[in-house]
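Residue numbers (this note's numbering): 6 to 184.
Don't be surprised by glycine CBs; every beta carbon is placed ideally from N, CA and C.
A quick write-up on the structure given underneath.
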C-alpha cells in the first residue's frame with residue numbers, strides 16, 4: 006500500500022526541483038514555504054483520489070493472479086490511509102534538501118531518530134492499544150511524518166533566526182511589539 010501511495014512523489018520528485026532554487030537563495034524561508042505550498046497543492050488531488058478510489062486502483066493493477074479479495078481489501082485500506090501522509094512525504098524531502106543546502110546535517114540524524122521513535126510509539130498505541138490494525142500503522146506513519154516535518158521546520162527556523170533561541174536584544178521587545 007505504501008509503495009502505491011507514494012507513486013506521485015516518486016514521479017514528481019519535487020525535492021529535486023527544489024534543491025536548485027533553495028541553493029540559489031541559501032534555503033530562505035520564502036522559498037521553503039513556497040515549496041511547502043507546492044507540496045500541498047500537488048499532493049491534495051492524489052490524496053483525495055487515493056482515499057476514495059483506492060479499491061479501484063488495487064483492482065485494476067493487482068486484482069488478478071495470486072491477489073485474493075482479502076488482499077485487495079487490505080491493500081486498498083493501506084493505500085487509503087498512507088495517502089494521507091503524501092503531503093508530509095513531499096515536505097520532508099524538501100526540508101531535508103534545505104538542510105543539505107545549509108550544510109547542516111547533524112540535526113537531521115536526531116530528527117530522523119525522533120521520527121522513528123514516534124512512529125514506533127504510535128504504531129504500538131494505534132495497533133496494540135486501540136486495535137486499529139492496518140489503519141493504525143498508516144496513521145502512525147502519518148503522525149510520524151507530521152512530527153518529522155514539524156521538527157525539521159522548527160530546526161531550520163531556529164538556525165535562521167537566532168533571536169528565537171537567545172531572546173531579544175532590544176530590551177525584551179520582540180519583532181512583533183515593534184510594529
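Sequence-distant residues of its chain with Cβ nearer than 6 Å to residue i (five each side left out)
i: residue 20; result: 98, 99, 102
i: residue 48; result: 91, 92, 95
i: residue 126; result: none
i: residue 116; result: 156, 157
i: residue 45; result: 92
Close Cβ partners of residue i (< 8 Å) along its chain, the five nearest in sequence each way excluded
i: residue 107; result: 31, 32, 161, 164
i: residue 34; result: 161, 162, 165
i: residue 132; result: 138, 141, 142, 145
Any chain D beta carbon closer than 9 Å to residue i
i: residue 57; result: You won't find chain D in this structure, because it holds only one protein chain.
Check whether residue i and residue j have beta carbons under 9 Å apart
i: residue 145; j: residue 81; result: no
i: residue 62; j: residue 72; result: no
i: residue 121; j: residue 149; result: yes
i: residue 143; j: residue 86; result: yes
i: residue 24; j: residue 105; result: yes
i: residue 40; j: residue 59; result: no
i: residue 119; j: residue 77; result: no
i: residue 52; j: residue 110; result: no
Simplified DSSP state of residue i, which is helix, strand or coil
i: residue 177; result: Model confidence at residue 177 stands at a pLDDT of 47, short of 50, so the residue's coordinates are unreliable; what they give is reported in the following sentence. Residue 177: coil per DSSP, three-state reduction.
i: residue 101; result: helix
i: residue 168; result: helix
i: residue 107; result: coil
i: residue 6; result: coil
Nonlocal neighbours in the same chain, by C-beta distance under 7 Å from residue i, ignoring five residues either side
i: residue 158; result: 100
i: residue 9; result: 62, 84
i: residue 124; result: 145, 146, 149
i: residue 15; result: none
i: residue 79; result: 139
**Request:** Quick one: which unbroken alpha helix (DSSP H) runs of 4-plus residues sit fully inside the stretch 23–99? Chain order, please.
**Result:** 34–67, 74–87
**In chain order, each beta strand (DSSP E) run of at least 3 residues that lies wholly inside the stretch 132–169** = The stretch 132–169 contains no whole beta strand (DSSP E) run of 3 or more residues.
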